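I have placed the structure first, in the form of structure tokens, so that the comments after it can refer back to it.
There are 2 protein chains.
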Amino acid sequence: MTAKIIDGKKAAAELMESIQKQVKNRSDMGLLQPCLATILVGENPASQSYVKAKHKACASLGIRSVGIHLPADVTQKELEKKVNDMAADASVHGILIQLPLPDGIDEEKVLQCVPIEKDVDGFHPVNIGRLAQKNRNPIFVPCTPSGIIYLLEKEIESIEGKNAVVLGRSNIVGMPVSLLLVRQNATVTICHSRTIDLPEKVRGADIVIAAIGRANFVKANWIRPGAVVIDVGVNRVDDPMRKRGYRLVGDVDFGAAKEVASAITPVPGGVGPLTIAMLMRNALRAATLVDGV
Amino acid sequence: MTAKIIDGKKAAAELMESIQKQVKNRSDMGLLQPCLATILVGENPASQSYVKAKHKACASLGIRSVGIHLPADVTQKELEKKVNDMAADASVHGILIQLPLPDGIDEEKVLQCVPIEKDVDGFHPVNIGRLAQKNRNPIFVPCTPSGIIYLLEKEIESIEGKNAVVLGRSNIVGMPVSLLLVRQNATVTICHSRTIDLPEKVRGADIVIAAIGRANFVKANWIRPGAVVIDVGVNRVDDPMRKRGYRLVGDVDFGAAKEVASAITPVPGGVGPLTIAMLMRNALRAATLVDGV
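Below, the structure written as structure tokens:
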């Protein structure tokens, strides 16, 4: 079997187009332009490029964006004040704190300054708490996990009853996607660095979510024939053939795994583009929460 | 193999004795007597008996308790006001809202009125959110899940790397115990009513947590020889031999399962007594949070 390669770029582009239309509709109706504020602390190049990409996506959809860049030595108090200012600003609908924050900053305290109605990243502890509980609904759900579910729903008729194995239990991907899969009625196994006999666990999976950050770690012979594989890893491996000296690969040994899986996401071009599309969707939703349209 | 029967009553009694000593030490040092407030709404007989048992446990340990009983037709606003009053009362260290609340009451809104430092039941969404996240620490953890981990830690040298299968994903037991087991580095599979081939899932478990509320549902031949089985179910089955006409049984077919497991909790006398002991521990802790001793 050769797997269907899930085209995350295309799925994201369709989603972005639909968001763009909705933004335009709002504008035609005379409603406020959605506005996303990003808060970036320090000079981490990866964080800088992520924030830049988010602003670019906003611009392409007609969403206003405001970027706040603070030095790495900002104090907890100064940072919280900035977030509180954005929280109080009615023209700002969504607030995104680019993580990780520098050492010495209490990340949770900063995240708690974001009103849950503006928490477009879904990382406020109340939104995460609601995600973990039945009959409670988070206002926003973290973007990469939402993107994963979005892709799965396009590939699989029903997630209900499927055996999902999640590799990784990070705050940003592994844990929230596990909670989302439970909400979708999958049977979910949460695996991590202390799991014993990981290949055996993965062999039981109809759905494999790999989010551990280890290049080509998941082998083809771990994958049950016909499983759907979502690869969230983005890892650099040396590649002297490339001008920049490296290329990006996922957590799954893609070349071999695609001969076993029924569908698989590539890296890059799989989950990545969905993350930003989900953020845009959340930013739009933050505006609709305010005016109820 | 005949399983060790885990004596929850004895474990709870030891814990209660240690709490009692600590309460007395506080009193000898002239510190405030710990105080638990319970809020009960309506006339549910099970809820009434649970609340009564909690007050009795407080009395036996020297913990002060205050019981507030509101009619089933209390409004959201009146109920929140009562909780807010207790929240503002410095002589009250812990607040317990007896669940479930009547239909028409927004449970989460009521729970959010409890300051997280007084949330001895651990159900505030921020405490649950922290439980679901790495590097975040809930101030309080729900009592039955804590009791389960307490018993497991006595039976198993290390939970790390063990395969734990949790049956049930309730807000009160299944989900929080799953999150606790992940924090303890177990590989956790969350099963529920939509799980396909539950026996096969249970057969993979070194640790089985049954919390589904179905009498004798888990069969002995589902259990891997040597597994540790924690039975959280409390179900009534007709028993004409008993004066009251019923007896209590767990979710596990105890008589047969104890011939396969290495250790198993009985019902009653297993997890139940630990729940109340953990609540007492939390009430004491709530007082120590205030005065730092």
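Protein sequences appear in the order of chains A and B. So in our numbering, spot 264 of the first sequence is number 507, and the numbers just go up one at a time. So in our numbering, spot 135 of the second sequence is number 378, and the numbers just go up one at a time. Glycine included, every Cβ here is placed at the ideal spot set by N, Cα and C. Please read all numbers here as calculations on a predicted model, not as lab measurements.
Handout entry: Beta-carbon separation (whole angstroms), B:S505 vs B:A453, contact threshold 8 Å
Key = Contact flag wrong, Cβ pair sits at about 16 Å.
Handout entry: Proximal chain B residues relative to A:N327, where beta-carbon distance stays under 9 Å
Key = In chain order: nothing, as chain B lies at least about 18 Å away.
Problem - 8 Å Cβ cutoff, A:C434 in contact with chain B - result: Residue-level contact check: A:C434 touches chain B, since one or more beta carbons of chain B fall below 8 Å from its beta carbon.
Problem - Residue environment, A:Q276, which counts as buried when at least 16 other CB atoms sit within 10 Å - result: exposed
Handout entry: Paired residues, beta bridge with B:K247 - DSSP
Key = B:A506
Problem - Separation of B:G447 from A:T430, as counted between CA atoms - result: 14 Å
Practice task
Identify which residue in A:A256, A:T245 and A:A407 has its Cα closest to the Cα of A:G513.
Solution key: Checked all of A:A256, A:T245 and A:A407; the closest Cα to A:G513 is A:A256.
Practice task
Examine chain A for any beta-carbon lying closer than 8 Å to the beta-carbon of B:Q341, and answer yes or no.
Solution key: no
Practice task
Within the same chain, show all residues whose beta-carbon is closer than 7 Å to that of B:I249, passing over the 5 residues directly before and after it, in chain order.
Solution key: L394, E398, A506, I507, T508 and G513
Practice task
Kindly identify the DSSP beta-bridge partner or partners of A:R307.
Solution key: A:C278
Handout entry: Cut-off 6 Å between Cβ atoms - residues of its own chain near B:A520, not counting five sequence neighbours on either side
Key = A255, L258 and M259
Problem - Short CB-CB distance (under 8 Å) between B:I371 and chain A - result: yes
Exercise for the section: Kindly give me the distance between the Cβ atoms of B:G305 and B:Q263, rounded to whole angstroms, as I take these residues to be in contact under 8 Å. Expected result: 6 Å
Problem - Nearest neighbour of A:A526, chosen from A:P483, A:A302 and A:G417 [CA to CA] - result: A:A302
Practice task
Would you kindly report the start and end of the unbroken beta strand (DSSP E) that includes B:D534?
Solution key: Premise fails: B:D534 lies in the alpha helix (DSSP H), V514 to D534, not in any beta strand (DSSP E).
Problem - Contacts around B:N370, its chain only, beta-carbon distance under 7 Å, and the 5 residues preceding and following it disregarded - result: I359, D362, P381, I382 and F383
Practice task
Kindly say whether A:Q376, judged by its beta-carbon, lies nearer than 8 Å to any beta-carbon of chain B.
Solution key: yes
Exercise for the section: List the residues of chain B whose Cβ lies closer than 8 Å to the Cβ of A:L422, in chain order. Expected result: A375
Practice task
Buried or exposed for A:G245, please, with buried defined as at least 16 other CB atoms from any protein chain shown within 10 angstroms of its CB.
Solution key: Per the sequence presented here, residue 245 of chain A reads as Thr, with Gly not at that position. In the assembly as shown, A:T245 is an exposed residue. Its beta-carbon has fewer than 16 other beta-carbons within 10 Å.
Practice task
Consider the Cβ of B:K361: report whether some Cβ of chain A lies at a distance smaller than 8 Å.
Solution key: no
Handout entry: For B:T518 and B:D436, the rounded distance between their alpha carbons
Key = According to the sequence as given, residue 436 of chain B is Ser; it is not Asp. Going by the C-alpha atoms only, they are around 24 Å apart.
Practice task
Assign A:V510 to one of two classes, buried (16 or more other C-beta atoms within 10 Å of its C-beta) or exposed (fewer than that).
Solution key: buried
Problem - A:R479, enclosing beta strand (DSSP E) - first and last residue - result: N478 to D481
Problem - Closer than 8 Å to chain A by CB, B:R379 - result: yes
Practice task
With DSSP as the reference, label B:R490 as helix, strand or coil.
Solution key: strand
Exercise for the section: Would you tell me roughly how many angstroms separate the C-alpha atoms of B:I391 and B:Y293, rounded to the nearest one? Expected result: 18 Å
Practice task
Drop a sphere of 10 angstroms on the beta-carbon of B:V536, count the other beta-carbons inside from all chains shown, and report buried for 16 or more, exposed for fewer.
Solution key: exposed
Exercise for the section: List the whole-angstrom C-beta distance separating B:Q376 from A:M329, where the pair is believed to meet the contact cut-off of C-beta under 8 Å. Expected result: No, B:Q376 and A:M329 are not in contact; Cβ-Cβ is about 23 Å, not under 8 Å.
Exercise for the section: Give the single residue among B:K299, B:D449 and B:L410 whose Cα lies nearest to the Cα of B:I439. Expected result: B:L410
Problem - Unbroken stretches of the alpha helix (DSSP H), 4 residues or longer, contained in the region 423–460 of chain B - result: Runs of the alpha helix (DSSP H) spanning 4 or more residues and lying entirely within the region 423–460 of chain B occur at 441–446, in chain order.
Handout entry: Proximal residues of chain B, C-beta to C-beta of A:E351 below 7 Å
Key = Within 7 Å Cβ-Cβ: R379.
Problem - The beta strand (DSSP E) enclosing B:N406, as first and last residue numbers - result: N406 to L410
Exercise for the section: List the whole-angstrom C-beta distance separating A:A463 from A:N478, where the pair is believed to meet the contact cut-off of C-beta under 8 Å. Expected result: That pair is no contact at about 17 Å.
Practice task
Could you pull out every residue in the same chain whose Cβ sits closer than 6 Å to the Cβ of A:V503, ignoring the five residues on either side in sequence?
Solution key: A463, I466 and P468
Exercise for the section: Take the Cβ of A:Q265 as the centre, count every other Cβ of all protein chains shown within 10 Å, and call the residue buried at 16 or more, exposed below. Expected result: buried
Practice task
May I have the straight-line CA-CA distance separating A:R412 from A:L422, to the nearest angstrom?
Solution key: 11 Å
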